[in-house]
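This is how it looks when you write it as structure tokens:
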């Protein structure tokens with residue numbers, strides 16, 4: 001059930017059963033399960049965008065699984081001489097790398113790589129442009145599952161820059177398939193009607209008293225720097241202030257993919273507050289990435305897993 | 001005796017007995033002692049300032065102790081998206097990192113981290129702004145101990161940019177407590193009367209014939225670049241020229257924390273000369289850092305050390 | 001036979017027998033041979049120029065041999081404070097590093113290091129300025145050997161920026177000694193008569209129908225950016241177009257050290273075409289570097305190899 005993903009590039013390829021199986025396997029890892037590799041697996045983490053959570057989480061997951069990491073720093077690579085991502089991965093493949101975990105600013109960068117057929121190495125997408133971020137989606141599902149034990153009927157609002165968020169896209173799609181009701185909130189300029197088929201765009205204040213999960217998206221200051229964006233105004237209109245938090249049900253939870261802009265998406269002391277699952281999300285991420293990597297290893301018959 | 005440091009942030013927390021115990025343990029490592037970890041310890045080196053000696057020395061010490069290193073590059077992390085040091089360490093903690101070795105340009109950056117109480121990981125300070133540099137202090141003590149076997153009554157002159165040197169601050173304080181007589185020399189503009197309680201500001205030429213140790217501080221060109229600083233003039237007035245070296249006692253030694261500006265703090269061929277302990281300091285650093293890390297592991301019950 | 005290289009800096013030190021022995025040993029590694037180290041060997045890869053192929057290939061070779069890698073990033077080191085390469089290596093040596101693999105933009109950077117006599121660590125040159133690139137030369141020889149089984153009498157044309165190519169220099173010299181006939185082609189401005197003693201400067205079209213190997217050099221755009229260089233014009237006049245490829249003998253092969261500028265040095269679809277050995281070169285590089293490292297370990301009695 002967990003062996004379908006030759007490459008793990010987007011959530012559209014992950015059906016409900018597989019998502020639930022990954023959550024279960026991640027929970028096993030969280031409770032101490034270990035994998036034994038009979039053969040070395042060489043992995044490269046190629047992050048073409050800055051990252052702490054996702055990058056370090058993959059490093060940790062690989063270490064815990066016993067993979068052999070080969071250092072690779074895009075900034076000090078031939079990419080700076082103009083070499084394409086394809087030719088860089090072709091090189092890593094030729095050098096004997098079995099698995100590449102890639103983050104790249106280009107939407108769907110992985111399609112020509114996977115479809116080209118000349119790359120022997122397996123690929124895990126750790127985030128593409130405004131596209132997908134499957135490991136974040138799955139760790140979010142795991143965190144919701146730990147809280148509620150199910151998805152059907154849950155009411156989940158995703159608030160922020162919907163149009164440009166890979167988290168919004170990946171999550172809304174799978175949550176809907178799992179039977180949750182998805183709402184979108186945030187500035188109208190940051191919403192795209194492409195998302196209409198995945199949920200309902202609404203006012204945050206209106207929906208807050210009824211939801212089980214408030215999923216806040218990071219404001220990408222680097223994207224909005226030149227548009228007269230005001231952090232204070234954002235917080236007042238779309239952020240989880242103390243006033244808005246008081247509207248939430250007691251058993252509802254707050255989620256954020258990080259890094260948090262404290263005092264923007266939510267009030268600073270809510271980040272580690274009673275209803276926040278921010279730290280738990282990061283913790284779960286390591287175990288979910290272990291499950292995803294195992295799935296890819298099995299699909300590619302890597303590591304000699306019995 | 002070596003188990004007091006929950007976090008190793010500054011020399012003020014290190015009493016005389018602990019300093020001597022660390023030196024003894026470092027000497028044991030230098031003579032081949034090995035530590036056996038029964039459980040993995042995950043460590044991150046987070047250097048927010050450039051470093052060769054200290055950074056690589058910690059990498060080597062951790063490797064020799066059998067710690068599991070998780071790659072982390074501040075320049076490619078979410079720090080560049082504005083994430084704070086606290087939130088970065090909160091992330092690493094959630095990901096399962098047990099120990100962070102941190103260098104950061106801000107004075108006493110570690111205080112809010114240690115006092116906040118929300119970080120489970122242990123912290124070793126590898127240098128903070130113009131503040132402390134405990135591992136450098138301890139390797140300096142080890143090097144002095146190897147030479148003289150004691151500290152009481154030793155006469156030690158520290159020469160250079162006293163006010164902005166974390167080495168000067170850390171060393172003067174502990175050397176005084178260990179019974180040494182500390183002198184300061186160098187440009188008056190670079191001296192601060194904050195140091196009066198730790199030693200005597202004096203003329204280098206006057207004190208050179210009587211001291212056991214000449215401790216030269218690196219000129220931080222990056223700090224003095226815009227002030228009309230002249231390397232030649234500095235060498236002539238405050239550097240260890242051949243003329244000044246000839247004033248030293250035969251058994252006196254020269255120390256420098258590195259990197260050396262050859263021909264500025266001291267004449268180039270004195271760097272690896274008979275009286276210099278520059279290379280020995282670097283060599284000792286690995287073993288002292290092993291002792292410091294062991295101390296922190298024991299205090300935090302990490303690694304399952306019997 | 002394989003134990004001569006105390007430091008592996010240039011091909012002039014490698015005699016024919018040693019080259020053939022290295023090829024044989026690399027083939028053994030390619031067919032699964034393993035080395036067993038009885039003692040840890042600490043290695044640093046210090047790349048002062050960007051690289052994917054060579055850097056990652058050395059990382060992989062070291063990992064497969066079981067060396068212990070110590071992380072070192074020149075951009076985050078004291079080199080940025082002005083520390084010299086010599087003093088950086090002196091530091092790494094003092095910290096216990098046994099072997100440094102260095103790429104540096106300065107021609108013959110290694111000479112003062114090797115001749116100084118104060119460095120205990122062994123050195124492998126991974127490319128110096130416009131000078132030497134011994135690991136590339138040897139993996140090229142390995143690839144030619146796999147194809148033809150011998151070197152005597154082979155006709156090999158090297159095309160491109162001969163004057164500034166470390167590949168051209170290293171390869172022409174050893175190929176000539178091994179009995180091959182070497183030809184040079186490419187823009188006259190990019191040729192230097194220093195190479196006259198190693199081969200014949202000629203027209204690419206004239207020699208193409210008669211050669212066994214076409215060795216294309218990378219156009220260093222970073223070098224020619226300001227000179228009105230036209231990629232299209234280069235491709236038309238000196239590149240391996242489909243038209244020129246049709247002039248080649250059926251059994252002749254195409255080689256390129258990478259990274260390829262597709263559509264400049266050669267037509268894009270020739271890169272992975274039937275006659276290209278581009279991927280095979282990269283693959284062979286790991287095994288050749290294993291053989292080179294073993295040679296240096298043995299010459300320095302490192303690793304306790306029986």
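Residue numbers (the UniProt record's numbering), protein chains in the order written: chain A, 1 to 306; chain B, 1 to 306; chain C, 1 to 306. Yeah, the Cβ is synthetic: ideal placement off N, Cα and C, and Gly gets one too.
Cβ-based burial, residue i [other Cβ within 10 Å; buried from 16]
i: residue 130 of chain C; result: buried
i: residue 118 of chain C; result: exposed
i: residue 233 of chain A; result: exposed
i: residue 257 of chain B; result: buried
i: residue 170 of chain A; result: buried
i: residue 206 of chain A; result: exposed
i: residue 175 of chain C; result: buried
i: residue 199 of chain A; result: buried
i: residue 216 of chain B; result: buried
i: residue 304 of chain C; result: exposed
i: residue 123 of chain B; result: buried
i: residue 54 of chain C; result: buried
i: residue 293 of chain B; result: buried
i: residue 134 of chain B; result: buried
CB contact check: residue i to chain C, cutoff 9 Å
i: residue 58 of chain A; result: no
i: residue 259 of chain B; result: yes
i: residue 83 of chain A; result: yes
i: residue 76 of chain A; result: yes
i: residue 286 of chain B; result: yes
i: residue 71 of chain B; result: yes
i: residue 202 of chain A; result: no
i: residue 340 of chain B; result: Examination of residue 340 of chain B is not possible in this model, given that chain B is present from 1 through 306 alone.
i: residue 114 of chain A; result: no
Close Cβ partners of residue i (< 6 Å) along its chain, the five nearest in sequence each way excluded
i: residue 151 of chain B; result: 178, 179 and 180
i: residue 246 of chain B; result: none
i: residue 26 of chain B; result: 142, 287, 288 and 291
i: residue 29 of chain C; result: 287 and 290
i: residue 278 of chain B; result: 256 and 271
Cβ neighbours of residue i in the same chain (closer than 8 Å, five flanking residues each side left out)
i: residue 204 of chain A; result: 157, 159, 185, 186, 238 and 244
i: residue 120 of chain A; result: 93
Residue i, enclosing beta strand (DSSP E) - first and last residue
i: residue 126 of chain A; result: 122-128
i: residue 46 of chain B; result: 42-47
i: residue 70 of chain A; result: Element bounds for residue 70 of chain A: n/a, residue is neither H nor E.
i: residue 157 of chain A; result: 155-159
Where the alpha helix (DSSP H) through residue i begins and ends
i: residue 248 of chain C; result: Here residue 248 of chain C belongs to no alpha helix (DSSP H), and DSSP marks it neither H nor E.
i: residue 11 of chain A; result: Taken as a continuous stretch (DSSP letters only), residue 11 of chain A belongs to no alpha helix (DSSP H), as it is neither H nor E.
i: residue 287 of chain A; result: 278-299
i: residue 148 of chain B; result: 134-148
i: residue 223 of chain A; result: 221-224
Short CB-CB distance (under 9 Å) between residue i and chain A
i: residue 45 of chain C; result: yes
i: residue 37 of chain B; result: no
i: residue 42 of chain B; result: yes
i: residue 207 of chain B; result: no
i: residue 88 of chain C; result: no
i: residue 102 of chain C; result: no
i: residue 122 of chain B; result: no
Nonlocal neighbours in the same chain, by C-beta distance under 7 Å from residue i, ignoring five residues either side
i: residue 163 of chain B; result: 190, 191 and 192
i: residue 241 of chain A; result: 235 and 267
i: residue 42 of chain C; result: 68, 70, 96, 97 and 98
Chain B within 9 Å of residue i, Cβ atoms only
i: residue 227 of chain A; result: no
i: residue 222 of chain A; result: yes
i: residue 97 of chain A; result: no
i: residue 272 of chain A; result: yes
i: residue 314 of chain C; result: The structure shown does not extend to residue 314 of chain C, since chain C is modelled only from 1 through 306, so no value can be given for it.
| Okay, do the segment 7-26 of chain C and the segment 70-90 of chain C touch, 3+ Cβ pairs below 8 Å being the bar? | no
| message | Under 8 Å: do the segment 28-47 of chain A and the segment 96-112 of chain A share three or more Cβ pairs, one atom per stretch? | response | yes
| message | Measuring CB atoms only, is the segment 296-303 of chain A touching the segment 246-266 of chain A, in the sense that at least three cross pairs come out at less than 8 Å? | response | no
| the segment 134-149 of chain B / the segment 107-122 of chain B touching (three or more Cβ pairs under 8 Å) | no
| said: Taking 8 Å as the cut-off, does the segment 281-288 of chain B touch the segment 268-281 of chain C (at least 3 CB pairs, one atom from each stretch)? | reply: no
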